[in-house]
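Okay, structure first, notes after.
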Amino acid sequence: MREIAYRDGICEVIDEAMANDPNVMIMGEDVAFIGGNFKCTVGLYEKYGDMRVKDTPISEQGFLGMGIGMAMTGLRPIVELMFSDFLLVAGDQAFNQASKITYMSGGQVSVPMVIRGPIGAGRSSAAQHSQSMQAIAAHFPGMKVVVPSNAQEVMGLLKTAIADNNPVLFLEHKMEYSKKFMVDDVVEPIPFGQARIAREGKDITVVATSALVMRAEEAAEELAKKHGIDVEVIDLRTVVPLDRETIINSVKKTGRLIVADDSYEFCGVAGEIGMNVLDDVFYYLDAPIARVATPNIVLPFSPALEFPIIPSKKKIFDKVLEVMGQ
Numbered sequence: 007m008r009e010i011a012y013r014d015g016i017c018e019v020i021d022e023a024m025a026n027d028p029n030v031m032i033m034g035e036d037v038a039f040i041g042g043n044f045k046c047t048v049g050l051y052e053k054y055g056d057m058r059v060k061d062t063p064i065s066e067q068g069f070l071g072m073g074i075g076m077a078m079t080g081l082r083p084i085v086e087l088m089f090s091d092f093l094l095v096a097g098d099q100a101f102n103q104a105s106k107i108t109y110m111s112g113g114q115v116s117v118p119m120v121i122r123g124p125i126g127a128g129r130s131s132a133a134q135h136s137q138s139m140q141a142i143a144a145h146f147p148g149m150k151v152v153v154p155s156n157a158q159e160v161m162g163l164l165k166t167a168i169a170d171n172n173p174v175l176f177l178e179h180k181m182e183y184s185k186k187f188m189v190d191d192v193v194e195p196i197p198f199g200q201a202r203i204a205r206e207g208k209d210i211t212v213v214a215t216s217a218l219v220m221r222a223e224e225a226a227e228e229l230a231k232k233h234g235i236d237v238e239v240i241d242l243r244t245v246v247p248l249d250r251e252t253i254i255n256s257v258k259k260t261g262r263l264i265v266a267d268d269s270y271e272f273c274g275v276a277g278e279i280g281m282n283v284l285d286d287v288f289y290y291l292d293a294p295i296a297r298v299a300t301p302n303i304v305l306p307f308s309p310a311l312e313f314p315i316i317p318s319k320k321k322i323f324d325k326v327l328e329v330m331g332q
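The working numbering puts the last residue of the sequence shown at 332; the count rises by one with no breaks.
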């Protein structure tokens with residue numbers, strides 16, 4: 007095992023992929039000279055040069071479209087969005103083009119492209135730089151949607167994303183970039199559609215995404231010590247494809263389900279997962295399915311207003327007590 011920062015794990019995987027495959031390249035705003043807005047590509051420009059590490063104009067629609075064209079002609083581009091919110095600027099390219107081309111061509115054309123971008127609030131980045139795009143992206147068929155948690159997960163899942171022959175939206179939580187985690191000396195690729203049981207438990211299931219996996223684990227430890235509640239925590243890993251089987255088997259064991267995700271509560275990932283598994287777990291439930299998500303309000307700039315509304319360890323802790331009837 008070794009210690010590595012979340013952002014450095016991302017850079018290491020991209021570096022390894024570029025070294026092994028000359029068709030892999032990365033582009034986006036400030037990915038070259040300054041190593042990315044969140045420093046996930048530091049050193050790659052010096053190593054691979056301007057043709058493979060490309061700073062782009064401030065035009066997400068333009069450079070995402072360029073990435074699609076590259077992918078269709080045999081390259082394997084990694085396109086970085088400075089913030090996942092900017093995916094909306096290039097929504098047509100992502101959801102009308104990249105995600106549909108393979109189907110519309112009858113399988114004759116593939117789009118092996120990774121779109122990376124940070125999600126989540128907590129940095130006082132305000133309304134247009136703090137959102138989480140996984141629910142919007144998951145709505146459109148043809149795009150795989152990945153929400154890694156810790157450094158081990160972000161590295162293993164990114165290896166799989168780069169090797170995939172389909173478009174992958176890879177969403178990294180901005181509050182995790184500078185945190186350090188223990189990872190395997192050699193991190194193996196992690197298959198899509200296979201959730202991870204991060205903590206085993208028997209009283210209640212918490213399905214979490216991205217940074218909320220760690221918050222759920224922290225809440226679970228505190229709940230065990232203070233209230234004797236044994237929480238099972240599931241790291242979803244991918245919203246699309248969704249591992250229904252792991253969730254269903256866990257809820258059949260515990261009888262209770264909470265889903266925690268950073269996207270907005272209304273029409274969000276948390277509500278969709280609850281409904282997705284409801285038919286299979288209904289007669290096993292001892293309480294209604296609950297969720298922890300971002301309320302449907304514009305995310306404020308002020309930390310005093312921002313932190314009380316975003317999903318957190320305390321919100322998961324309190325929701326578990328509520329569902330357990332305490």
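C-beta atoms are modelled at their ideal positions from N, C-alpha and C, and glycine is treated no differently. Quantities reported herein were computed from a predicted structural model and do not represent experimental measurements.
Sub-8 Å separation of residue i and residue j beta-carbons
i, j, result
"SER138", "SER269", "yes"
"ARG262", "ALA293", "yes"
"ILE322", "VAL287", "no"
"VAL245", "VAL151", "yes"
"VAL160", "GLY49", "no"
"LYS60", "MET31", "yes"
"LYS180", "PHE44", "yes"
"GLN103", "GLN67", "no"
"ILE315", "GLY128", "no"
"ASP190", "MET72", "no"
"GLY126", "ALA217", "yes"
"ILE10", "LYS185", "no"
"ILE74", "VAL120", "no"
"PRO124", "THR166", "no"
"SER136", "LEU305", "yes"
"THR108", "ASN172", "yes"
Distance between residue j and residue i (C-alpha atoms, nearest Å)
i, j, result
"MET33", "PRO247", "26 Å"
"PHE39", "TYR51", "7 Å"
"SER116", "GLY148", "11 Å"
"PHE101", "LEU70", "11 Å"
"SER256", "GLN200", "14 Å"
"GLU328", "ILE210", "11 Å"
"VAL95", "ASN302", "21 Å"
"TYR183", "TYR12", "5 Å"
"MET281", "ALA222", "21 Å"
"THR62", "ALA132", "24 Å"
"TYR289", "ALA296", "16 Å"
"SER90", "LEU81", "23 Å"
"GLY274", "HIS145", "10 Å"
"ALA230", "ASP241", "19 Å"
"GLU35", "ASP285", "44 Å"
"CYS46", "LYS53", "14 Å"
"GLY277", "ALA143", "15 Å"
"GLN332", "ASP324", "9 Å"
"GLY207", "GLY97", "40 Å"
"ARG243", "PHE198", "8 Å"
"SER111", "THR79", "14 Å"
"LEU311", "LYS320", "16 Å"
"GLY162", "VAL37", "21 Å"
"GLN158", "GLU18", "12 Å"
"SER318", "THR300", "10 Å"
Residue i - partner residues in DSSP beta bridges
i, result
"LYS5", "Residue 5 falls outside the range modelled here, since the chain spans only 7 to 332, and no answer is possible."
"ASP241", "ARG202 and ALA214"
"ALA11", "LYS186"
"GLU86", "GLY34 and ARG122"
"VAL287", "In DSSP, VAL287 forms no bridge with anything."
"VAL298", "ALA266"
"GLU178", "PRO124"
Beta-carbon separation (whole angstroms), residue i vs residue j, contact threshold 8 Å
i, j, result
"ASP170", "THR215", "19 Å between Cβ atoms; not a contact."
"PHE307", "SER130", "6 Å"
"VAL219", "VAL239", "7 Å"
"VAL213", "VAL237", "The pair is not a contact, with the Cβ atoms about 11 Å apart (cut-off 8 Å)."
"GLU164", "GLN140", "First, the residue type needs correcting, since residue 164 is Leu and not Glu in the sequence shown. The pair is not a contact, with the Cβ atoms about 16 Å apart (cut-off 8 Å)."
"ARG58", "LEU87", "Not quite, the Cβ-Cβ distance comes to about 19 Å (not below 8 Å), so this is no contact."
"ILE254", "VAL265", "So it is not a contact: roughly 13 Å between Cβ atoms."
"VAL326", "ILE203", "The pair is not a contact, with the Cβ atoms about 17 Å apart (cut-off 8 Å)."
"PRO118", "ALA77", "5 Å"
- Task: Note down, one range per segment and in chain order, each alpha helix (DSSP H) of at least 4 residues found wholly within the stretch 243-279.
- Result: 250-260
- Which whole runs of the alpha helix (DSSP H) in the stretch 140-176 are 4 residues long or more, in chain order? 140-144 and 157-169
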